[in-house]
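Undergrad: Residue 9 is where the sequence shown starts when you use our numbering, and the numbers rise one by one after that.
All C-beta atoms in this analysis are idealised placements derived from N, C-alpha and C, irrespective of residue type, glycine included.
Model, not experiment: these values are computed from the prediction.
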Amino acid sequence: MKISVFNPPRAATTTRRESASVLIIVLWVSFGLVALTLYFAHSMSMDMRAADNAVASLEAEKAIEGAARYVSNVLATVQIQGVLPETNTYYNAALTVGDAAFWLIGPTDSQDAPTVSHFGLVDEASKLNINTATLAMMQTLPLMTPEFAASIIDWRDTNETVTENGAESEMYQRLNPPYRCKNAAFETIEELRLVYGADLGILFGEDANLNSVLDLNENDGAISPPFDNQNGRLEPGILSLVTVYSRDATTISNTTQRLNVGATNFQQRVATILQAAVGADRANSVLRRIAGGTGGGGGGRGGGAGVPVVVNFTSVLDFYVRSGLSVTEFALIEDQLRNPNTNGLVNVNTASEYVLSCIPGIGVEKAQSVVASRRSQTRPLTSVAWLRDVLDQTSLLQAAPYLTGKSYQFTADIAAVGHFGRGYRRVKFIFDTSAGTPRIVFRQDLTHMGWALGRDVRLSQQMLANKL
Ligand SMILES: [Ca+2]
Ligand SMILES: [Ca+2]
Ligand SMILES: [Ca+2]
Ligand SMILES: [Ca+2]
């Protein structure tokens with residue numbers, strides 16, 4: 009039996025195979041073209057998005073420059089020199105500049121939830137000055153270690169003698185890479201990172217983005233950095249509590265020198281000031297009182313019969329207490345007087361409980377009551393006089409040389425976004441107004457620290473972007 013095997017004609021088989029091959033090739037080419045198109049479309053959209061973000065960043069950057077000029081203007085026109093402007097007297101949140109907007113990040117004295125963002129300028133005199141604070145004062149800061157505190161002292165003192173627990177060049181030379189101890193004053197607080205014993209935990213505390221707000225990642229324990237204790241409160245690090253800029257003004261309105269209460273000719277010069285303020289009779293009675301040493305206080309040096317009595321004071325508050333002046337009378341002359349030392353004074357009207365705890369005579373025990381009394385004050389907080397009713401006289405005189413009622417250096421921590429809430433930028437400026445005209449003395453880009461405007465602003469920016 010012949011088995012017939014179907015054999016398609018050779019030519020037809022070849023044609024069909026060729027068609028299939030062509031089809032496959034065409035398909036591959038098509039796939040290739042589609043893939044290429046998709047690739048280029050994606051990369052174009054990425055490029056466009058990148059360009060868009062770059063534009064938004066530029067808008068944000070310009071907004072920050074504008075904001076810095078605006079802040080300079082606000083500080084130049086503040087009604088009372090030396091005072092942090094009230095937050096309701098200037099723009100500090102969501103101020104639009106074209107398609108961009110800016111915010112001034114600032115902590116607050118209010119007792120709101122720590123998750124709520126606050127906006128406004130920050131005064132540097134509300135912080136502890138690491139160039140002037142004593143070892144004991146520094147040791148009281150939260151999270152501070154004896155090693156770090158002593159090493160800060162060694163870093164700024166000019167000698168190479170190691171303070172107990174401290175570190176000088178010999179210690180830094182053992183590090184990799186080795187470097188030398190500075191043996192000079194701190195110029196920025198960032199220098200603290202170089203000081204022996206510094207670590208991120210001590211410097212930042214739970215506030216990883218230094219915005220004084222308890223952000224979500226700062227209250228979730230170890231789930232996301234930083235490590236925090238999840239207690240619903242923001243435990244600040246050293247960086248947000250210290251400064252190198254605080255300096256009391258030595259002149260009033262750039263012309264008249266303020267009178268040093270420790271000066272040897274204080275008595276004659278204060279006589280003129282008193283006569284102009286309260287009249288000759290009252291001035292004489294005050295002068296007799298301080299010369300007689302009545303009214304407590306101590307510190308005056310009495311002379312023998314016929315020798316003029318030289319009286320000077322350890323602080324403005326010391327003079328106030330011993331002068332017997334009333335609050336109203338003292339308010340008339342307070343601005344014209346200054347402490348013997350004007351560097352690194354802490355403003356008792358703005359400092360946090362953490363910082364006030366560091367002041368001798370206040371300490372951890374009395375800081376809370378000082379802050380509570382401050383909140384209950386009805387007068388504008390520009391004076392140190394109210395402290396007299398809060399502290400006993402010994403504590404008051406111990407604290408007073410470290411305190412002031414005013415601030416002349418301010419931080420504007422400016423964050424901005426461009427159109428659609430994109431292109432986030434953040435720059436910190438420090439202004440010094442002690443010589444009259446505000447002057448930028450420091451500028452630092454903080455964009456790398458990430459979003460610092462809190463959850464509410466982020467949500468509002470997203471809503472805004474979705475609507476458009
Ligand atoms: Ca040293
Ligand atoms: Ca924070
Ligand atoms: Ca965390
Ligand atoms: Ca906490």
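Express the C-alpha separation of residue 440 and residue 131 in angstroms, rounding to a whole number.
TA: Here the question's residue 131 lines up with position 123 in the sequence shown. Here the question's residue 440 lines up with position 432 in the sequence shown. Approximately 10 Å, taken between the alpha carbons.
Undergrad: Label residue 94 either buried or exposed according to how many other C-beta atoms from any shown protein chain fall within 10 Å of its C-beta, with 16 as the threshold for buried.
TA: As a first step, residue 94 must be located in the sequence shown, where it is residue number 86. When all chains shown are included, residue 94 counts as exposed.
Undergrad: Could you check if residue 148 is buried or exposed, using at least 16 other CB atoms within 10 Å of its CB as the buried criterion?
TA: As a first step, residue 148 is located in the sequence shown; it is residue number 140 there, counting from the start. Buried is the call here.
Undergrad: Check whether the Cβ of residue 216 sits closer than 7 Å to any heavy atom of ligand 2, and report yes or no.
TA: In the sequence shown, the residue the question calls residue 216 occupies position 208. Residue 216 Cβ: within cutoff of ligand 2.
Undergrad: Do residue 395 and residue 461 count as a contact pair if the criterion is CB distance below 8 Å?
TA: Taking the sequence shown and counting its residues from 1, the one referred to as residue 461 is at position 453. Taking the sequence shown and counting its residues from 1, the one referred to as residue 395 is at position 387. Their beta carbons are not under 8 Å apart, which means residue 461 does not touch residue 395 by this criterion.
Undergrad: On the three-pair Cβ rule with 8 Å, is the stretch 421-432 touching the stretch 388-407?
TA: No, the stretch 421-432 is not in contact with the stretch 388-407.
Undergrad: Who are the near neighbours of residue 304 in its chain, counting only those whose CB is closer than 8 Å to its CB and skipping five residues on each side?
TA: As a working mapping, residue 304 is identified with position 296 in the sequence shown. Residue confidence for residue 304 is low, a pLDDT of 43 falling below 50, so the modelled location carries little weight and cannot support an answer.
Undergrad: Looking only at DSSP bridge pairs, what is residue 113 linked to?
TA: Here residue 113 refers to the residue found at position 105 of the sequence shown. Residue 113 pairs with 127 and 421.
Undergrad: With a threshold of 7 Å on Cβ separation, who are the neighbours of residue 258 within its own chain once the five nearest residues in sequence on each side are excluded?
TA: As a first step, residue 258 must be located in the sequence shown, where it is residue number 250. Only 265, 266, 346 and 350 meet the Cβ criterion.
Undergrad: Out of 192, 193, 176 and 195, which has the shortest C-alpha to C-alpha gap to residue 186?
TA: Position 178 of the sequence shown, counting from 1, holds the residue named residue 186. Cα-wise, what sits closest to residue 186 is 176.
Undergrad: May I have a chain-ordered list of the alpha helix (DSSP H) segments no shorter than 4 residues that lie completely inside the stretch 138-197?
TA: For the stretch 138-197, whole alpha helix (DSSP H) runs of length 4 or above, ordered along the chain, are 143-147, 154-164 and 177-180.
Undergrad: In three-state terms, what does DSSP make of residue 467?
TA: Here the question's residue 467 lines up with position 459 in the sequence shown. Correct three-state label for residue 467: helix.
Undergrad: Could you give the DSSP three-state label for residue 409: helix, strand or coil?
TA: In the sequence shown, the residue the question calls residue 409 occupies position 401. If DSSP states are grouped into helix, strand and coil, residue 409 belongs with the helices.
Undergrad: Expressed to the nearest angstrom, what Euclidean distance is found between the alpha-carbon atoms of residue 205 and residue 231?
TA: Sequence index remark: in the sequence shown, residue 205 carries index 197 (1-based). Sequence index remark: in the sequence shown, residue 231 carries index 223 (1-based). Answer to the nearest angstrom: the Cα atoms are 26 Å apart.
Undergrad: Is there at least one non-hydrogen atom of ligand 4 closer than 7 Å to the beta-carbon of residue 243?
TA: Here residue 243 refers to the residue found at position 235 when the sequence shown is read from its first residue. Yes; taking the cut-off as 7 Å, the Cβ of residue 243 has a heavy atom of ligand 4 nearer than that.
Undergrad: How many whole angstroms separate the CB atoms of residue 217 and residue 457, which I take to be in contact at a CB cut-off of 8 Å?
TA: The residue labelled residue 217 in the question sits at position 209 within the sequence shown. The residue labelled residue 457 in the question sits at position 449 within the sequence shown. Correct: roughly 5 Å between the Cβ atoms.
Undergrad: Within a Cβ cutoff of 7 Å, which residues of the same chain sit near residue 69, ignoring the five residues on either side of it in sequence?
TA: By 1-based counting over the sequence shown, the position of residue 69 is 61. The answer, listed in chain order, is 433.
Undergrad: By DSSP, does residue 108 sit in helix, in strand, or in coil?
TA: As a working note, residue 108 is residue 100 in the sequence shown. It is a strand residue.
Undergrad: Mapping the DSSP letters down to three states, classify residue 430 as helix, strand or coil.
TA: Mapped onto the sequence shown, residue 430 falls at position 422. Coil, per DSSP.
Undergrad: Where does residue 286 fall in DSSP's three states?
TA: Looking up residue 286 in the sequence shown gives position 278. If DSSP states are grouped into helix, strand and coil, residue 286 belongs with the helices.
Undergrad: Grouping DSSP H, G and I as helix and E and B as strand, with all else coil, what is residue 260?
TA: By 1-based counting over the sequence shown, the position of residue 260 is 252. If DSSP states are grouped into helix, strand and coil, residue 260 belongs with the strands.
Undergrad: Buried or exposed, going by whether 16 or more other CB atoms sit within 10 Å of the CB of residue 85?
TA: Residue mapping note: residue 85 aligns to position 77 of the sequence shown, counting from 1. Exposed, by the Cβ-count rule.
Undergrad: Leaving aside the five residues before and after residue 197 along the sequence, list all residues of the same chain whose C-beta is less than 8 Å from its C-beta, in chain order.
TA: The residue labelled residue 197 in the question sits at position 189 within the sequence shown. Hits under 8 Å: 138, 247, 250, 251 and 252.
Undergrad: In the DSSP assignment, find the unbroken alpha helix (DSSP H) run with residue 329 in it and report its ends.
TA: Against the sequence shown, residue 329 aligns to sequence position 321. Unbroken alpha helix (DSSP H) run through residue 329: 324-331.
Undergrad: Could you tell me which residues DSSP pairs with residue 251 in its beta bridges?
TA: Counting from 1 along the sequence shown, the entry for residue 251 is found at position 243. Its beta-bridge partners are 137.
Undergrad: So does residue 261 have its beta carbon nearer than 7 Å to some heavy atom of ligand 3?
TA: Residue mapping note: residue 261 aligns to position 253 of the sequence shown, counting from 1. No, the beta carbon of residue 261 sits no closer than 7 Å to any heavy atom of ligand 3.
Undergrad: Closer than 6 Å between the C-beta and any heavy atom of ligand 1: which residues qualify, listed along the chain?
TA: The set, ordered by position in the chain, is 162, 165, 167, 168, 176, 189 and 191.
Undergrad: Under the rule that 16 or more other beta-carbon atoms within 10 Å means buried, what is residue 28, buried or exposed?
TA: The sequence position of residue 28 within the sequence shown is 20, counting from 1. Flag for residue 28 reads exposed.
Undergrad: State buried or exposed for residue 293, treating a residue as buried only when at least 16 other CB atoms are found within 10 Å of its CB.
TA: In the sequence shown, counting from the first residue as 1, residue 293 sits at position 285. Burial call: exposed.
Undergrad: Can you have a look at residue 360 and say buried or exposed, based on whether 16 or more other CB atoms are within 10 angstroms of its CB?
TA: Counting from one through the sequence shown, the residue named residue 360 turns up at place 352. Classification of residue 360: buried, given that the 10 Å Cβ count is 16 or more.
Undergrad: Tell me which residues share the same chain as residue 302 and place their Cβ nearer than 7 Å to its Cβ, disregarding the 5 neighbours each side in the sequence.
TA: Translated into positions along the sequence shown, residue 302 becomes position 294. With a pLDDT of 48 at residue 302, under the threshold of 50, the modelled position of that residue is not reliable, and no figure is offered here.
Undergrad: Using only alpha-carbon positions, find the residue among 135, 121, 435 and 220 that is nearest to residue 255.
TA: As a first step, residue 255 must be located in the sequence shown, where it is residue number 247. It is 135.
Undergrad: How far does the alpha helix (DSSP H) with residue 335 in it extend, from its first residue to its last?
TA: Translated into the one-based positions of the sequence shown, residue 335 becomes position 327. Residues 335-341.
Undergrad: Please classify residue 47 as buried or exposed, where buried requires at least 16 other C-beta atoms within 10 Å of its C-beta.
TA: As a position in the sequence shown, residue 47 is number 39, starting the count at 1. By the 10 Å Cβ count, residue 47 comes out exposed.
Undergrad: Ends of the alpha helix (DSSP H) at residue 376?
TA: Taking the first residue of the sequence shown as 1, we reach residue 376 at position 368. 371-383 is the extent of the alpha helix (DSSP H) around residue 376.
Undergrad: Is residue 219 near ligand 2 - that is, is its Cβ less than 7 Å away from at least one heavy atom of it?
TA: Residue 219 sits at position 211 when you count from the first residue of the sequence shown. Yes, ligand 2 has a heavy atom inside 7 Å of this Cβ.
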